[in-house]
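Asks:
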Amino acid sequence: MTKRRLAAAGAGVALLSVALPLSSAHAAVPEPVQAMIDAALATDDEAKVSTVIELAKATNPDDTAELDAVLKSFRDHKRELAEQDRKRREEEIRRAGLLERWSGKGQVGAFRNTGNSDNVGVSLALAIERTGIDWQHRFNITADYQRSNGVTSREQYLASYEPRYQINSRLFSYALAQFERDRFQGFSSRYSLSGGLGYKLFDSRALQLSVKAGPSWRGVNYTEGTSQSGFGALAGFDFDWKINKNLTFTQDANMVADSSGAATLIVDSTSTSVLLTSGLEAKVSDHFSTRLSYTVDYDSNPPDGKLSTDTLTRFTLVYGF
68 MTKRRLAAAG AGVALLSVAL PLSSAHAAVP EPVQAMIDAA LATDDEAKVS TVIELAKATN
128 PDDTAELDAV LKSFRDHKRE LAEQDRKRRE EEIRRAGLLE RWSGKGQVGA FRNTGNSDNV
188 GVSLALAIER TGIDWQHRFN ITADYQRSNG VTSREQYLAS YEPRYQINSR LFSYALAQFE
248 RDRFQGFSSR YSLSGGLGYK LFDSRALQLS VKAGPSWRGV NYTEGTSQSG FGALAGFDFD
308 WKINKNLTFT QDANMVADSS GAATLIVDST STSVLLTSGL EAKVSDHFST RLSYTVDYDS
368 NPPDGKLSTD TLTRFTLVYG F
């Protein structure tokens with residue numbers, strides 16, 4: 068059988084722009100095996116290259132050292148390219164202006180809610196973020212509005228800003244500033260401030276789960292003219308599961324436990340609010356997707372005459388940018 072030196076020549080080397088060395092000038096493998104190795108290198112797929120090399124070693128045990136050298140050189144070059152790409156992206160981030168490197172999603176659609184009001188209406192939302200080397204900035208705005216027969220039956224607004232600093236690959240610190248308005252829950256404005264630590268339990272392309280907790284402050288202006296403020300604690304989590312390339316499940320929750328600003332209520336009374344949103348997003352095209360979400364807004368101590376729980380079901384068209 069015709070033999071030739073085992074060398075990383077051909078399509079794989081042309082693709083990688085690197086010469087894969089031999090440990091022996093006399094090593095040779097059958098030409099069909101060499102062709103398989105070249106074809107695997109041409110794919111630039113480490114799994115395929117590893118599989119072909121392992122098969123070649125099984126059928127050509129005398130060339131094990133040379134085959135291992137080819138695989139090692141391939142992996143070393145892949146790591147070198149990855150490091151070069153990381154440095155290039157890091158430099159691009161450092162040079163980016165304040166208005167660059169923003170991404171986000173805009174939503175528009177209809178909703179049906181139950182609780183203190185029972186109607187269908189219009190829902191708008193905008194979520195944008197900017198991720199740098201260590202910092203991430205998140206802005207979220209939502210608006211739900213319904214007017215029936217000349218009477219407003221729902222008017223709910225929420226705006227939040229959350230910067231995060233990545234301490235290491237898993238641990239991060241956060242700050243949160245949030246504004247809410249919902250007259251049908253009994254408050255004309257509600258302000259929340261919090262800061263603390265968070266941790267990424269899962270962080271992959273398919274599954275992301277992070278938790279956070281810290282002290283908080285909240286001030287509420289009620290529709291009947293009174294106000295209340297107090298310190299407490301915040302706990303939350305963000306969950307995203309990419310079921311497949313076109314379907315994503317999301318779960319976001321924030322729970323705030325706070326005591327009243329009055330001394331008697333600090334000891335004798337507490338209020339807990341929970342905002343829980345679950346969503347299922349189906350991709351329609353590169354930029355458009357549809358989203359079905361369900362939100363539970365709970366307040367353990369609502370104003371007199373108000374229910375403790377509101378629910379909101381949204382079906383929206385999402386544009387990603």
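Take 68 as the starting number for the sequence shown in the numbering used here and just add one per residue.
Heads up, the beta-carbon is just placed ideally off N, CA and C, and yes, glycines get one too.
1) Where does Lys-309 sit, in a helix, a strand or coil, going by DSSP?
2) What number of angstroms, rounded off, separates the C-alpha of Asn-313 from the C-alpha of Asp-353?
3) Please state whether the Cβ-Cβ distance between Tyr-390 and Gly-286 is less than 7 angstroms.
4) For the beta strand (DSSP E) holding Lys-267, just list the boundary residues, first then last.
5) Does any residue of chain B bring its CB to less than 7 angstroms from the CB of Ile-200?
6) Spatial neighbours of Arg-358 within its chain, please: C-beta separation below 6 angstroms, excluding the five flanking residues on both sides.
7) In this structure, does DSSP put His-144 in helix, strand or coil?
8) Just the Cα atoms here: how many angstroms apart are Phe-246 and Gln-223?
9) Is the separation between the beta-carbon of Ala-102 and that of Val-116 shorter than 7 angstroms?
10) Look up Gly-182 in the DSSP assignment and say whether it is helix, strand or coil.
11) Can you give me the Cβ contacts of Arg-161 inside the same chain, cut-off strictly under 8 angstroms, excluding the 5 residues immediately before and after it?
12) Where does the unbroken alpha helix (DSSP H) through Leu-122 begin, and where does it stop?
13) Report the three-state DSSP secondary structure of Ser-326 (helix, strand or coil).
14) Is the distance from the Cβ of Gly-182 to the Cβ of Leu-374 below 7 angstroms?
15) Return the first residue and the last residue of the beta strand (DSSP E) that Lys-230 is part of.
16) What's the gap between the Cα of Ser-256 and the Cα of Tyr-289?
17) Should Arg-381 and Gly-176 be called a contact, given that it needs their Cβ atoms to be closer than 7 angstroms?
18) Assign Tyr-361 to one of two classes, buried (16 or more other C-beta atoms within 10 Å of its C-beta) or exposed (fewer than that).
Replies: In terms of the structure at hand:
1) What you label residue 309 is simply residue 242 of the sequence shown in a count that begins at 1. Note: Lys-309 maps to strand in three-state DSSP.
2) If you number the sequence shown from 1, residue 313 lands on position 246. If you number the sequence shown from 1, residue 353 lands on position 286. Straight-line Cα distance between these residues: approximately 10 angstroms.
3) Nothing in the structure corresponds to residue 390, since the chain is present only between 68 and 388.
4) Position 200 of the sequence shown, counting from 1, holds the residue named residue 267. 254-270 is the extent of the beta strand (DSSP E) around Lys-267.
5) The displayed structure is made up of one protein chain only, and chain B is not part of it.
6) Along the sequence shown, read from residue 1 onward, the residue named residue 358 stands at position 291. Hits under 6 angstroms: Gly-346, Glu-348, Thr-383 and Val-385.
7) Here residue 144 refers to the residue found at position 77 of the sequence shown. In the structure shown, His-144 sits in a helix (DSSP, three-state: H, G or I).
8) As a working mapping, residue 246 is identified with position 179 in the sequence shown. As a working mapping, residue 223 is identified with position 156 in the sequence shown. Distance between the alpha carbons of Phe-246 and Gln-223 is about 11 angstroms.
9) Here residue 102 corresponds to residue number 35 of the sequence shown, with the count starting at 1. Here residue 116 corresponds to residue number 49 of the sequence shown, with the count starting at 1. Cβ distance not < 7 angstroms, so Ala-102 and Val-116 don't count as in contact.
10) Taking the first residue of the sequence shown as position 1, residue 182 is located at position 115. When DSSP states are grouped into helix, strand and coil, Gly-182 belongs to the coil group.
11) As a first step, residue 161 is located in the sequence shown; it is residue number 94 there, counting from the start. Apart from sequence neighbours up to five positions away, the residues of its chain that approach Arg-161 with a beta-carbon distance below 8 angstroms are Ile-200, ordered along the chain.
12) Taking the first residue of the sequence shown as position 1, residue 122 is located at position 55. Boundaries of the alpha helix (DSSP H) around Leu-122: 113-126.
13) In the sequence shown, the residue the question calls residue 326 occupies position 259. Since pLDDT at Ser-326 reaches only 39, below the 50 mark, its modelled position is unreliable, and the value read off the structure follows with that caveat. Here Ser-326 sits in strand by DSSP.
14) As a position in the sequence shown, residue 182 is number 115, starting the count at 1. As a position in the sequence shown, residue 374 is number 307, starting the count at 1. Cβ atoms of Gly-182 and Leu-374: closer than 7 angstroms.
15) For the purposes of this step, residue 230 is taken as the residue at position 163 of the sequence shown. The amino acid at residue 230 is misidentified as Lys; the sequence shows Pro. That run of the beta strand (DSSP E) goes 218-233.
16) On the sequence shown, residue 256 is found 189 positions in, with the first residue counted as 1. On the sequence shown, residue 289 is found 222 positions in, with the first residue counted as 1. C-alpha separation (whole angstroms): 7 angstroms.
17) Here residue 381 is taken as the residue at index 314 of the sequence shown, counted from 1. Here residue 176 is taken as the residue at index 109 of the sequence shown, counted from 1. One thing to note: Arg-381 has its Cβ within 7 angstroms of the Cβ of Gly-176.
18) Sequence index remark: in the sequence shown, residue 361 carries index 294 (1-based). It counts as exposed.
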